[in-house]
Amino acid sequence: MKAPHPFFCLLALSSFFYLFALGCALLFSTYAYAVDSFEFDTKSDPHNMLMFQIDHQDYSRSIGFFKKFEGQIEFDRENLENSSVEVTIDITSLNIAGHEKWSNNTLAVFFKNGKLPTAHFRSTKIESKGYGKLIITGDLTLMGVTKSLDLDVALNKAGQSQSAGFKAGFSATTQLSRKDFGIIAVPTNGDKVSITIEIEAIKKQFLSKIIS
6 MKAPHPFFCL LALSSFFYLF ALGCALLFST YAYAVDSFEF DTKSDPHNML
56 MFQIDHQDYS RSIGFFKKFE GQIEFDRENL ENSSVEVTID ITSLNIAGHE
106 KWSNNTLAVF FKNGKLPTAH FRSTKIESKG YGKLIITGDL TLMGVTKSLD
156 LDVALNKAGQ SQSAGFKAGF SATTQLSRKD FGIIAVPTNG DKVSITIEIE
206 AIKKQFLSKI IS
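One gets the working numbering by counting positions in the sequence shown from 1 and adding 5 to each.
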């Protein structure tokens with residue numbers, strides 16, 4: 006049997022390496038760009054807000070903030086249902102509209118002086134309603150109790166920012182029962198707590214994901 010000409014051997018070998026490289030490139034690009042990782046822009050305090058409101062004995066609505074929180078988003082722009090979000094909140098950063106006395110009093114009465122200093126939210130389901138509207142369902146752990154919570158979310162914009170790279174901006178609202186989490190102090194105050202969230206998140210570089 007006559008041996009194949011060296012030229013054809015070289016051609017076959019070259020074709021194999023080309024197809025192998027192409028396959029790797031396609032696989033790598035799918036992994037790199039299908040889902041983008043974002044982190045909350047914690048250096049942009051005025052544009053990241055976690056605010057709550059609660060009825061004060063039917064007279065008014067008391068307003069407060071948690072000033073320290075951080076989160077990560079795995080963001081699939083092609084299929085939003087494949088996205089996910091995880092948030093950690095520092096309960097001890099509670100601030101009642103700039104009043105230090107009321108902030109400390111609220112932390113002591115409602116949150117046991119920060120005995121359980123963090124709250125945690127992890128999404129379990131994301132449903133797209135179209136036009137950037139989402140329902141994010143997740144588990145909220147607060148004061149040692151975990152309950153499912155739905156957030157109404159709007160994807161405001163995703164694009165290149167002027168100062169901090171590629172950003173995604175979100176607005177969200179939800180409501181919870183404080184009794185569900187064992188926060189039962191001062192029962193003359195309302196049980197329902199309305200929450201408003203504003204987030205700007207910065208896209209992490211793909212290279213940093215590999216290094217880490």
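Don't be surprised by glycine CBs; every beta carbon is placed ideally from N, CA and C.
Residue j and residue i - do their beta-carbons sit closer together than 8 Å?
i, j, result
"I94", "A113", "no"
"K138", "A159", "yes"
"T142", "K134", "no"
"Q62", "S199", "no"
"E105", "Q77", "no"
"A190", "F71", "no"
"S88", "F80", "yes"
"L154", "T179", "yes"
"D230", "E205", "Since the first and last residues shown for the chain are 6 and 217, residue 230 lies out of range."
"L99", "S108", "yes"
"E203", "S176", "yes"
"G174", "D60", "no"
"M56", "T193", "no"
"G152", "F126", "The residue you asked about is not Gly; residue 152 is Lys in the sequence shown. Taking 8 Å as the Cβ cut-off, K152 and F126 do not qualify as a contacting pair."
Quick check on the DSSP output: the alpha helix (DSSP H) that includes residue i runs from which residue to which?
i, result
"N109", "E105 to F116"
Check residue i in the structure and name its three-state DSSP category.
i, result
"N84", "coil"
"T201", "strand"
"G119", "helix"
"S98", "helix"
"D63", "coil"
"D46", "coil"
"D185", "helix"
"H52", "helix"
"T193", "coil"
"V158", "strand"
"K130", "strand"
"L31", "Any reading at L31 must be qualified, since the residue scores a pLDDT of 40, below 50, and its modelled position is unreliable; no value is offered."
May I ask which residues mark the beginning and end of the beta strand (DSSP E) holding residue i?
i, result
"G174", "F171 to S182"
"I94", "S89 to D95"
"S168", "Premise fails: S168 is in no beta strand (DSSP E) and is neither H nor E."
"K240", "Nothing can be reported for residue 240: it is not among the residues displayed for the chain, which extend from 6 to 217."
"G143", "K138 to L147"
Report the partner residues of residue i according to the DSSP bridge assignment.
i, result
"A206", "F45 and A173"
"A163", "A173"
"K152", "L145"
Can you find a CB in chain C that lies within less than 8 Å of the CB of residue i?
i, result
"I189", "Absent from the structure is chain C; it holds one protein chain and no more."
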